[in-house]
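With the sequence shown counted from 1, adding 1447 to any position gets you the working numbering.
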Amino acid sequence: MAFVLRRRAANVPEATEEKTTAPMSPRGTSTSHLSPAECLSHNGSLPDCDKQRRVGELDDRRDGAEEEEQERASGSDEGFMGMTPLLQAHHAMERMEEFVHKVWEGRWRVIPHDVLPDWLKDNDFLVHGHRPPMPSFRACFKSIFRIHTETGNIWTHLLGCLFFLCLGLMYMFRPNMSFVAPVQEKVVIGVFFLGAILCLSFSWLFHTVYCHSESVSKVFSKLDYSGIAFLIMGSFVPWLYYSFYCSPQPCFIYLFVVCVLGLAAILVSQCDFFSTPQYRGVRAGVFVGLGLSGVVPTLHFVISEGLIKAATMGQVGWLFLMATLYITGACLYAARIPERFFPGKCDIWFHSHQLFHILVVAGAFVHFHGVSNLQEFRYTIGRCTEDGNL
Ligand SMILES: [Zn+2]
1448 MAFVLRRRAA
1458 NVPEATEEKT
1468 TAPMSPRGTS
1478 TSHLSPAECL
1488 SHNGSLPDCD
1498 KQRRVGELDD
1508 RRDGAEEEEQ
1518 ERASGSDEGF
1528 MGMTPLLQAH
1538 HAMERMEEFV
1548 HKVWEGRWRV
1558 IPHDVLPDWL
1568 KDNDFLVHGH
1578 RPPMPSFRAC
1588 FKSIFRIHTE
1598 TGNIWTHLLG
1608 CLFFLCLGLM
1618 YMFRPNMSFV
1628 APVQEKVVIG
1638 VFFLGAILCL
1648 SFSWLFHTVY
1658 CHSESVSKVF
1668 SKLDYSGIAF
1678 LIMGSFVPWL
1688 YYSFYCSPQP
1698 CFIYLFVVCV
1708 LGLAAILVSQ
1718 CDFFSTPQYR
1728 GVRAGVFVGL
1738 GLSGVVPTLH
1748 FVISEGLIKA
1758 ATMGQVGWLF
1768 LMATLYITGA
1778 CLYAARIPER
1788 FFPGKCDIWF
1798 HSHQLFHILV
1808 VAGAFVHFHG
1818 VSNLQEFRYT
1828 IGRCTEDGNL
């Protein structure tokens, strides 16, 4: 009831709002039939809930009268301890509704780490600036434009995603005459762009809706981890294609191996324990291990073509820089550097997860640069020579 009255006085100052809630009017509408949380998640808008409340208004008036009678009988208007379980539940529901309504209106405030529910507690070196649980997707998406611990995480990958989307479209519309086999090469490089865009999209979406509810955060964290595996698998495709252009057999074997390892990483990401804070190091290890499986084809290339060719035509230098960026990012992420040394000082900007995000975007761009150099090299020398090399 308090919730409905407050909603009608939407922009009324707090003091006026309190007055409206004092007496329990018999015409008041209890929201016990459908909570705003349910409205938010099922209907997506509060006005829709109004209809349902009006339908239940008569029943509510009767329920309200009964509850008032019970309250008088128990003589416990003031004390919460003397309330019947029904009244206690009703008051708890009202408080929850009021909170959800504040969230709906964007009137929430950041909270410290120690009052977060367990499912939102991830990094205790980020002392303040956390979003409260907000069981509304609308509120979660509106929080993109507010300052809190996830702001930097969201924007680093949202902007990165838009950047790779534009870069990918530009690449796909490049004239066919700049390729040896335009369709094949565009598909192969397109797989890399698809992996990067999926990874970055899942990531910014996860960080946006992470505070919605435990179940939503679990689903999106699994998508987030799967996205990293997609990026790594997608990165292998054009690199193996150009590096083993004239020897398709090792190219297919390595592709098969990385797909199996990538699928295994996706499978393990689906386990609930994988996203818990205790497994932070294991998560970093799984994805660094997946990326480092590229050491075998790199060594194969260096041994068969020689170090000079590998460094020049093979773009191994860019590959090395990409690996360095990813591994540095994963180490910062696992060790929670720098916030470990400055607890409470990196709550909003420059904490490990943000730096990890920036290094992922940088690593993916470096990989793209190396692959586009490989593509140009292939265009320059044309199709395979008789001896089968390069
Ligand atoms: Zn992230």
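Idealized CB from N, CA, C, for every residue including glycine.
Specify the secondary structure class of His-1560 as computed by DSSP and reduced to three states. helix
Comparing the CB of His-1537 with every heavy atom of ligand 1, is any distance shorter than 7 Å? no
Figure out for me which residue from Glu-1661, Cys-1718, Ser-1660 and Thr-1745 has the closest Cα to the Cα of Pro-1697. Thr-1745
Would you check if the distance between the CB atom of Ser-1664 and the CB atom of Trp-1566 is smaller than 8 Å? yes
What does the alpha-carbon distance come out to for the pair Arg-1593 and Ser-1668? 21 Å
Leaving out the 5 sequence neighbours to the left and right, which residues in its chain are closer than 7 Å to Leu-1737 when beta-carbon positions are compared? Listed in chain order, the non-local C-beta contacts of Leu-1737 below 7 Å within the same chain comprise Ala-1676, Ile-1679, Leu-1708, Gly-1709 and Ala-1712, local neighbours out to five positions each way being set aside.
Which word fits Leu-1821, buried or exposed, when buried means at least 16 other C-beta atoms lie within 10 angstroms of its C-beta? buried
Continuous alpha helix (DSSP H) stretch holding Leu-1567: start and end: Where Leu-1567 is concerned, there is no enclosing alpha helix (DSSP H), given that its DSSP letter is neither H nor E.
For ligand 1, any of its heavy atoms closer than 7 Å to the Cβ of Asn-1600? yes
Is His-1654 helix, strand or coil by DSSP? Residue state for His-1654 is assigned as helix, using DSSP reduced to three classes.
Checking 8 Å against the spacing of the C-beta atoms, do Cys-1608 and Leu-1670 come in under that value? no
Can you find a heavy atom of ligand 1 that lies under 7 Å from the Cβ of Ser-1650? Ser-1650 Cβ: within cutoff of ligand 1.
Round the Cβ separation of Val-1574 and Pro-1724 to the nearest angstrom and send it over; I've been treating them as touching at under 8 Å. Actually they are not in contact, since the Cβ atoms of Val-1574 and Pro-1724 sit about 15 Å apart, beyond 8 Å.
Please report the Cβ distance between Val-1705 and Phe-1734, rounded to the nearest whole angstrom; I am assuming they are in contact, meaning their Cβ atoms lie under 8 Å. Their Cβ separation, rounded to whole angstroms, is 13 Å, which puts Val-1705 and Phe-1734 out of contact at 8 Å.
What are the boundary residues of the alpha helix (DSSP H) that includes Asn-1820? 1799 to 1828
What ranges does the beta strand (DSSP E) occupy inside the region 1634 to 1709, keeping only unbroken runs of at least 3 residues that lie completely in it? For the region 1634 to 1709, not a single whole beta strand (DSSP E) run of length 3 or above is found.
In the DSSP output, what is His-1577 paired with across the bridge? Ile-1558
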